[in-house]
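Q:
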Amino acid sequence: MSRGINIAENYRYRSLNYSNNSKPVVFLSHKSEDKEYVEELGNYLRNAGIDIYLDKNDPVLQRADREGDAQKVTECIEEGILRSDYILCIVSQKTVSSWWVPFEIGYGKKSEKPIASVIKNDITKVPDYLKIEDVILSIEDMNNYIKEITRKHNMVLFESTSTVPQNSGEFITKASYNNKLAKYLRVR
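In my numbering, the protein residues as written are 245 to 432.
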């Protein structure tokens, strides 16, 4: 296997039944003001060989957003969720003011997608509807989430102490203050 991709970037996946792909896909539900954090999480998942859907790179959604086409934006989000195997909700102080994140979680739940929430280290209270799903508080929790996904999809995954990409296969980085996620998640 190889590094994961952002399926939102690839038009060819719109015309194919992407669910036949052998790689799992994680839909990243987030508030747009958290893009830097979300992109770091997306890269971490992709380094583990997991594909993602990140709306920032969906040209159809971005055009619809610029044109104020709420119907098309909603359709793009729904399509991204349907083509994903998992929903990962990124929760920060900014998420509290989001209209889209609760919609995405509700649509994901209706579509029977497993949902997990990554709780940024600046959060003190988590909404009750997110507590009933998997909650990720630390880098170790994130690594365990990734290990569970890769195990379910029969993927080989290496755990490294370095943030430098490995020569062979997909990898995650052990929890430490050197991990790129340390500024967002707890290090246990």
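Ideal Cβ positions, reconstructed from N, Cα and C, are used throughout, including at glycine.
Smallest Cα separation from Tyr351: which of Pro303, Glu253, Pro268 and Ser273?
A: When each option's Cα is compared against that of Tyr351, the closest is Ser273.
Q: Look up Glu377 in the DSSP assignment and say whether it is helix, strand or coil.
A: Glu377: coil per DSSP, three-state reduction.
Q: Considering Cα atoms alone, identify which of Asn423, His397 and Ala419 is closest to Gly293.
A: Here the closest residue by C-alpha is His397.
Q: For Asn365, collect the residues of the same chain with a Cβ closer than 7 Å to its Cβ; drop the 5 residues on either side in sequence, then sort them by chain order.
A: Once the five neighbours on either side are set aside, the close Cβ partners of Asn365 are Tyr428, Leu429 and Arg430.
Q: Which complete alpha helix (DSSP H) runs does the stretch 302-360 hold, if anything under 4 residues is left out?
A: Here the runs fully enclosed are 303-310, 314-326 and 344-354.
Q: Within 10 angstroms of the Cβ of Val370, are there 16 or more other Cβ atoms? Answer buried if so, exposed if not.
A: Result: exposed.
Q: Under 8 Å: do the stretch 328-337 and the stretch 275-290 share three or more Cβ pairs, one atom per stretch?
A: The answer is yes - the stretch 275-290 touches the stretch 328-337, with three or more Cβ pairs under 8 Å.
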